[in-house]
Amino acid sequence: MRRNSLAFRLFATSIAWTLLVLPLAGYLIYHLYRNDVQTSFDIQLKKLLTVLTLDSMNTLGNEPVRPNNQYEPLFEVTHSGWYWQIQPIDGAPGRRLVSPSLASETLPSPYQKKFPTDDTGTRWSNVPGPGGQSIRTLEVIDSPGHDPEKTKYSIIVAGPLDWLDMTVAKFRNRLTTALALVGLGLLGVTFVQVRFGLLPLRRIEKGLALIRSGDARKLAGRLPAEIEPLQSELNALIQSNMDVVERARTQVGNLAHALKTPLAVITNEAREDKSTFASKVAEQAAIMREQVSHYLDRARMAASAGTLGRVTPVEPTAEPLVRALERINRDKGITISMNVGQGAKFQGEKHDLEEMLGNLLDNACKWCRKRVFLTVTVTPASQGAQAMKRLAIRVEDDGRGLTPQERAKIGKRGLRLDETKPGTGLGLSIVGDLATSYRGGMRLDASPHGGLLVTLDLPAA
Amino acid sequence: MRALVVEDDKDLNRQLVTAMGDAGFAVDTAFDGEEGYFLGDTEPYDVVILDIGLPKMDGISILEQWRRSDRNMPVIILTARDRWSDKVTGMDAGADDYLAKPFHMEELLARVRAQVRRASGHAKSEIECGPLRLDTKSARVTFDGQQVKLTSHEFRLLAYLMHHNGRVVSRTELVEHLYDQDFDRDSNTIEVFIGRLRKKIPGDIIQTVRGLGYRLSQDGDEA
Chain R
3 MRRNSLAFRL FATSIAWTLL VLPLAGYLIY HLYRNDVQTS FDIQLKKLLT VLTLDSMNTL
63 GNEPVRPNNQ YEPLFEVTHS GWYWQIQPID GAPGRRLVSP SLASETLPSP YQKKFPTDDT
123 GTRWSNVPGP GGQSIRTLEV IDSPGHDPEK TKYSIIVAGP LDWLDMTVAK FRNRLTTALA
183 LVGLGLLGVT FVQVRFGLLP LRRIEKGLAL IRSGDARKLA GRLPAEIEPL QSELNALIQS
243 NMDVVERART QVGNLAHALK TPLAVITNEA REDKSTFASK VAEQAAIMRE QVSHYLDRAR
303 MAASAGTLGR VTPVEPTAEP LVRALERINR DKGITISMNV GQGAKFQGEK HDLEEMLGNL
363 LDNACKWCRK RVFLTVTVTP ASQGAQAMKR LAIRVEDDGR GLTPQERAKI GKRGLRLDET
423 KPGTGLGLSI VGDLATSYRG GMRLDASPHG GLLVTLDLPA A
Chain Y
42 MRALVVEDDK DLNRQLVTAM GDAGFAVDTA FDGEEGYFLG DTEPYDVVIL DIGLPKMDGI
102 SILEQWRRSD RNMPVIILTA RDRWSDKVTG MDAGADDYLA KPFHMEELLA RVRAQVRRAS
162 GHAKSEIECG PLRLDTKSAR VTFDGQQVKL TSHEFRLLAY LMHHNGRVVS RTELVEHLYD
222 QDFDRDSNTI EVFIGRLRKK IPGDIIQTVR GLGYRLSQDG DEA
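Chains as they are written, first to last, in my numbering: chain R, 3 to 463; chain Y, 42 to 264.
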């Protein structure tokens with residue numbers, strides 16, 4: 003998962019929230035429970051103390067009465083953690099009574115340690131008890147018959163703190179396990195939620211890829227309400243992009259028509275006249291003509307390069323060109339052998355493929371003796387991740403061909419190797435420029451058929 | 042040879058008519074699509090120069106309609122739109138050749154001659170008929186290597202006969218193909234020119250086929 007991604011953001015916030023909330027909740031629950039257990043423990047101690055006080059001090063005599071042990075069976079079990087002890091305070095003489103569980107031990111008196119009393123006059127304290135356990139003691143001072151004139155006795159009840167701690171610890175372990183499970187569950191749910199929630203974005207991604215590869219012209223399908231506006235905007239953008247290209251092309255065509263006829267008139271008029279003025283006009287008109295062609299080509303290229311999602315099947319484009327060129331050159335009796343790989347598609351504008359094929363085939367027809375060859379093959383690119391398919395277009399003829407020096411020179415704008423053949427000398431350089439604008443290239447070689455071999459490398463779809 | 046020029050730009054039209062006239066063609070002219078279509082549909086032309094962008098009716102439609110009604114004269118289309126898709130559209134509509142504006146008049150004339158030659162079944166630029174030779178490129182006629190000096194009317198007549206040298210050419214056909222539509226057509230003038238040509242060219246090369254017309258004889262042994 004990339005750090006700068008929606009999935010990461012959603013996931014990270016969710017994890018952060020879970021990590022913050024779950025321990026906090028655990029802490030709160032633990033403390034509430036602990037207080038609860040402690041309170042009920044204290045209430046029980048207090049109850050026992052009250053009963054013991056009533057039982058031992060409700061007497062008319064001067065000595066406390068031994069209480070009968072019907073409240074807590076563990077008072078009978080030695081070192082059980084549950085004890086009681088009744089003895090006179092401040093070393094006064096009097097009867098000392100203890101629970102059987104205490105055996106020969108003595109419980110320390112909080113009164114003697116000057117512990118403060120709570121609002122009901124009792125004293126709490128946690129102390130180590132007999133047998134090494136820690137215990138909680140509760141003490142009250144009273145006299146037999148509740149008569150303040152008689153000897154004061156300390157009445158202490160104790161219960162095991164270890165039991166309390168154990169109960170709470172057990173609860174804490176269970177709570178931790180439960181919360182950890184909840185946390186894991188939340189993570190899982192978040193993961194599914196993020197994946198499922200972002201699924202429509204995946205679909206947009208795939209849709210855009212289809213448009214880029216030219217298999218689709220718009221983002222299709224019903225998308226969720228939140229990204230539906232995005233979908234319609236994208237579609238509108240793609241459409242307006244196509245419209246702009248179309249308009250640019252129309253205007254370029256109009257401009258061409260508007261300029262070329264007057265240029266033809268000027269050129270022809272000037273060539274009729276033999277004066278120096280006329281030759282200057284003819285020369286300048288020729289320059290204008292070059293410039294017009296040059297910038298019209300540029301405009302066309304700028305208009306077509308980079309437009310999204312155009313795919314042109316090669317065979318239906320090449321076939322009419324071949325037919326037209328065979329017709330134009332029928333006096334020469336040229337045969338154009340066409341061999342186009344099954345389903346070869348060019349990723350780009352039909353017009354541009356036509357220009358490239360047309361110019362190359364036209365050149366080949368001019369220079370060949372009888373035969374021209376057009377071969378189109380599709381090759382998967384070798385370079386790693388983006389396995390873009392490439393189109394290799396070979397145009398060859400059986401003419402006299404070019405020397406390596408001529409091949410190096412040719413392709414420059416306006417250069418014509420043979421002034422006797424008609425043409426403006428722009429053909430090959432236009433093809434080269436067009437191929438470059440599609441991040442492709444053009445190469446000139448000697449053909450095994452004798453003439454020139456021009457190889458175009460273009461993106462396939 | 043008769044030619045039709047359909048071009049809406051007045052200056053270019055004039056230049057084309059002049060150049061074609063100088064090259065030995067009888068030229069009719071039209072400035073819009075409807076007129077051009079009508080002329081091409083009714084008159085027998087040896088070649089048509091047709092602009093694509095025309096008022097009233099565009100060149101492609103004109104061409105398609107001609108071809109549909111079996112008007113099979115060579116047509117060279119002329120247009121500023123020089124993309125291959127435009128060329129293919131033109132060729133598919135039935136054009137024989139295609140020339141993009143701006144063009145050199147010499148190139149247009151070369152293509153016109155090539156189309157005329159091809160339409161009459163000649164592959165090379167020189168047409169031979171026994172000792173008589175016509176160089177269609179330079180518009181020169183030689184007899185046994187000697188140049189024959191001809192007026193433009195004489196040249197047109199001889200050139201037409203040489204283009205169609207395998208067959209008998211009637212007087213009506215000659216009148217139709219040698220004069221533009223505004224010319225006062227009197228077939229007697231044909232006889233006058235035939236007479237002049239016979240004086241300039243030795244031997245009995247131009248033969249009269251009684252009741253049918255004229256033909257060129259390769260060796261003069263037939264009547």
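Every residue, glycine too, gets a C-beta built ideally from N, C-alpha and C.
As the structure is a computational prediction, the values presented were derived from the model and not from experiment.
Residue i classed as buried or exposed, judged by whether at least 16 other C-beta atoms fall within 10 angstroms
i: Y297 of chain R; result: exposed
i: S339 of chain R; result: exposed
i: Y155 of chain R; result: buried
i: H218 of chain Y; result: buried
i: L30 of chain R; result: exposed
i: G187 of chain R; result: exposed
i: L34 of chain R; result: exposed
i: S42 of chain R; result: exposed
i: F79 of chain Y; result: exposed
i: A238 of chain R; result: exposed
i: L104 of chain R; result: buried
i: I242 of chain Y; result: buried
i: E228 of chain R; result: exposed
Proximal chain Y residues relative to residue i, where beta-carbon distance stays under 7 Å
i: P322 of chain R; result: V129, D133
i: R291 of chain R; result: P143
Given residue i as reference, the closest of the options once Cα atoms are compared
i: E398 of chain R; options: R:N365, R:P461, R:G429; result: R:N365
i: E84 of chain Y; options: Y:G94, Y:V68, Y:S258; result: Y:V68
i: V39 of chain R; options: R:K115, R:A284, R:L376, R:M168; result: R:M168
i: Q89 of chain R; options: R:I395, R:F77, R:L76, R:P112; result: R:P112
i: H194 of chain Y; options: Y:F66, Y:L53, Y:T120, Y:M114; result: Y:F66
i: L430 of chain R; options: R:G255, R:G453, R:N361, R:Q407; result: R:N361
i: E292 of chain R; options: R:K262, R:E230, R:E274, R:N128; result: R:K262
i: N206 of chain Y; options: Y:K240, Y:Q222, Y:E169; result: Y:E169
i: M290 of chain R; options: R:L21, R:T269, R:D275; result: R:T269
i: L253 of chain Y; options: Y:D223, Y:R181, Y:M61, Y:L215; result: Y:L215
i: E232 of chain Y; options: Y:D245, Y:Y255, Y:D221, Y:I242; result: Y:Y255
i: E317 of chain R; options: R:V378, R:L327, R:E285, R:V129; result: R:V378
i: W19 of chain R; options: R:T192, R:S242, R:N341, R:E207; result: R:T192
i: A71 of chain Y; options: Y:R237, Y:D92, Y:V47; result: Y:V47
i: A134 of chain Y; options: R:V194, R:R329, R:K115; result: R:R329
i: E76 of chain Y; options: Y:T183, Y:P96, Y:R239; result: Y:P96
i: A463 of chain R; options: R:Q344, R:S234, R:A14, R:I91; result: R:Q344
Interface flag, residue i vs chain R, CB-CB below 8 Å
i: D176 of chain Y; result: no
i: K142 of chain Y; result: yes
i: L91 of chain Y; result: no
i: D138 of chain Y; result: yes
Closer than 9 Å at the beta carbon, the chain Y residues around residue i
i: H451 of chain R; result: Correct list: empty, because the minimum Cβ distance to chain Y is about 23 Å.
i: H353 of chain R; result: R124, W125, S126
Contacts of residue i in chain R (Cβ-Cβ under 8 Å)
i: M146 of chain Y; result: N270, R273
i: A44 of chain Y; result: Near A44 of chain Y there are no residues of chain R at all, since even the closest Cβ is about 16 Å away, more than 8 Å.
Cross-chain neighbours of residue i in chain R, by beta carbon under 7 Å
i: W125 of chain Y; result: L323, E356, E357, G360
i: L150 of chain Y; result: Here the premise fails: no neighbours, minimum Cβ distance about 11 Å.
i: D52 of chain Y; result: V267
i: A121 of chain Y; result: A258, H259, K262, T263
Below-8 Å beta-carbon distance, residue i vs any chain Y residue
i: L265 of chain R; result: yes
i: I432 of chain R; result: no
i: A258 of chain R; result: yes
i: K262 of chain R; result: yes
i: A301 of chain R; result: no
i: A326 of chain R; result: yes
i: A463 of chain R; result: no
Listed by chain order, chain R residues near residue i by CB distance under 9 Å
i: Q56 of chain Y; result: A266, V267, N270, E271, E274
Neighbour list for residue i in chain Y, Cβ cutoff strictly below 8 Å
i: I336 of chain R; result: The premise fails here: I336 of chain R is roughly 13 Å from chain Y at the closest Cβ pair, so nothing lies under 8 Å.
i: R329 of chain R; result: M132, D137
Listed in chain order, which residues of the stretch 54–79 of chain Y have Cβ atoms closer than 7 Å to some Cβ of chain R? Close to chain R, meaning a Cβ-Cβ distance shorter than 7 Å, are the following residues of the stretch 54–79 of chain Y: Q56.
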